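Okay, structure first, notes after.
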Amino acid sequence: PDGNYILNAVVSTTDVVGNPISQSNSITLKVDTQVATVTLSVNIPSYKNNTAKKSDLIWVLAEFSKVMISSPKISITGVVSNISMIKMDTTGSPFLPGSVWEYKFDASSISSTTNISVVATDTSGNYYSNPNDSITLKIDDTAPTVKSFEMIDNNTLSIQFSEAVFSNLSIQTTSLVNTDFNATINS
8 PDGNYILNAV VSTTDVVGNP ISQSNSITLK VDTQVATVTL SVNIPSYKNN TAKKSDLIWV
68 LAEFSKVMIS SPKISITGVV SNISMIKMDT TGSPFLPGSV WEYKFDASSI SSTTNISVVA
128 TDTSGNYYSN PNDSITLKID DTAPTVKSFE MIDNNTLSIQ FSEAVFSNLS IQTTSLVNTD
188 FNATINS
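For the sequence shown, our numbering begins at 8 and goes up steadily by one.
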């Protein structure tokens, strides 16, 4: 089982001319078989539902529950495979040194969707690999269209878009001022 164990050793022998030696020593061994967990995230706001524009710079963070001995490897379907991540400076943060890693890439390298996953080894030699701990990104470079545009009453204008525009909703009631958008109403 995992834990700290004390190993006591006694060495008793003689040298080539017959001088006896006997010496004891003890060391503490730490047994750790627990595989780290990881939280993957990207710099896309949650309301965008992991959807980026081709012009975005994507910043992937991997936050491990344990310190990694060497650079975790990241794979981004159709972009890179098994590429080293960069260790983030965690000085002054609550994270352990060597537990937070990053990788940046241009969204223009994604065709329509991509899957991001990582593999790593912790300081005890436990290998982390879980394809279910991944992020799927989508690319959307299609401008939204106006599905409906109508006056509800003298003070209320209703606009429905083909996709989310002001938040993660395509239909939304919100207060807008005339500096939020331009509209021309022809009569």
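From the three backbone atoms N, C-alpha and C, an ideal C-beta is built for every residue, glycine too.
Just so we're clear, the structure is a prediction, and the values are computed from it rather than from any experiment.
List the residues that DSSP assigns as beta-bridge partners of residue i.
i	result
residue 155	167
residue 15	33
residue 64	113
residue 160	163
Using three-state DSSP, classify residue i as helix, strand or coil.
i	result
residue 78	coil
residue 55	helix
residue 266	Since the first residue shown for the chain is 8 and the last is 194, residue 266 is missing from the structure and cannot be characterised.
residue 136	strand
residue 20	strand
residue 150	coil
Could you pull the start and end residues of the beta strand (DSSP E) that residue i belongs to?
i	result
residue 32	27-38
residue 88	87-91
residue 122	120-128
residue 48	45-49
residue 143	142-146
Using only alpha-carbon positions, find the residue among the options that is nearest to residue i.
i	options	result
residue 102	136, 42, 73	73
residue 106	95, 114, 99	95
residue 76	171, 92, 157, 140	92
residue 16	56, 45, 34, 65	34
residue 71	38, 46, 159, 157	46
How many whole angstroms separate the CB atoms of residue i and residue j, which I take to be in contact at a CB cut-off of 8 Å?
i	j	result
residue 129	residue 43	5 Å
residue 145	residue 120	5 Å
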